[in-house]
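Taking it in order: structure first as structure tokens, then the write-up.
Residue numbers (the numbering used here): 163 to 467.
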């Protein structure tokens, strides 16, 4: 996962989130673990969330006032910047968490050390594990139940599901361009390239947006890709998921030219290389319909003008 740490700033943080999500060996169709179910019937009033997607869910359903601490990766909505930062997925600050006296902590399934310490301190947890796009609304509903806002969460989940269905309907039976999603590579070169595999939220977003994943046969959420593999897969569209203020129009233009080294790839020949820099692309939360529509807009510009 170190490849997500090479760049500085917000983009590095968001790439780390993507890498952690994609590398967690979560299987499609996975059911929630027992730890994910409510551990206490009490409605929490002092919530710490270490998961940006769940933080966004909490604010979106009206539980933002109860959120007292967030991770260093949390930047949306803007009001999260007023909350105490308690470390990230790899370096949670247990002492700071404890000092805030939370009555619920949102943790990621791989944070075994933190989970053990919180358990010993008898602090209730919501154990988040993400699999695919459908899991976004499933998690949203579970979060709503846990914080006593089930109706609001269900309304938002229904709206998200409707918006995703509407995108599929608008695309209809149009041909799906063969697409490769890249979420990491070294600046200025095609070395160190990592792409989305045939399972997981990025793959599901692409499918909903009307693209055919060139790695649909690879039953992993991420894989390292060489130039030779990219040539062999011959994508008609290349989508690069990038985030952070450092991705200026000038930098985007420079990085698009790097693909010129693979001139025989259809996407390169036709210029269908897109760098999508909205951070919503990297966070499987309430903004996921916006992210899917951005994908659909470049895949089917005749439909989404």
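Where is the CB? At the ideal position from N, CA and C, for every residue including glycine.
Check whether the Cβ atoms of residue i and residue j lie closer than 8 Å to each other.
i           : j           : result
residue 229 : residue 205 : no
residue 400 : residue 342 : yes
residue 322 : residue 268 : no
residue 429 : residue 397 : yes
residue 235 : residue 250 : yes
residue 286 : residue 266 : yes
residue 395 : residue 376 : yes
residue 277 : residue 465 : no
Starting from residue i, follow the alpha helix (DSSP H) in both directions and report where the run begins and ends.
i           : result
residue 430 : 428-432
residue 315 : 312-333
residue 298 : 296-308
residue 352 : Note, residue 352: premise wrong, no alpha helix (DSSP H); not H, not E.
residue 457 : 450-461
residue 389 : 389-395
Would you mind reading off the limits of the beta strand (DSSP E) that contains residue i?
i           : result
residue 401 : 399-403
residue 248 : It is not in any beta strand (DSSP E) - residue 248 carries neither H nor E in the DSSP assignment.
residue 342 : 340-346
residue 219 : Segment 214-222 is the alpha helix (DSSP H) holding residue 219; no beta strand (DSSP E) there.
residue 288 : 287-290
If you compare alpha carbons, which of the options is closest to residue i?
i           : options               : result
residue 330 : 345, 368, 412 and 425 : 368
residue 363 : 449, 293, 462 and 238 : 293
residue 327 : 308, 295 and 345      : 295
residue 408 : 392, 424 and 440      : 440
residue 306 : 454, 448 and 455      : 448
residue 344 : 391, 283 and 300      : 391
residue 366 : 220, 453, 233 and 217 : 453
residue 427 : 419, 302 and 393      : 393
Check the C-beta distance from residue i over to residue j and give it rounded, since I have them as a contact under 8 Å.
i           : j           : result
residue 444 : residue 405 : 5 Å
residue 215 : residue 226 : Not a contact, Cβ separation roughly 15 Å.
residue 318 : residue 442 : Residue 318 to residue 442, Cβ: 15 Å. No contact.
### Task
Spell out a yes or no on whether the region 357-371 and the region 382-390 are touching, meaning 3 or more CB-CB pairs, one atom from each, closer than 8 Å.
Three or more beta-carbon pairs drawn from the region 357-371 and the region 382-390 are found closer than 8 Å, and the two stretches are therefore classed as touching.
### Message
Counting beta carbon pairs with one atom in the region 364-375 and one in the region 328-342, are three or more of them shorter than 8 Å?
### Response
Touching, yes, given that three or more Cβ pairs across the two stretches are closer than 8 Å.
### Query
Okay, do the region 307-318 and the region 431-442 touch, 3+ Cβ pairs below 8 Å being the bar?
Touching, no.
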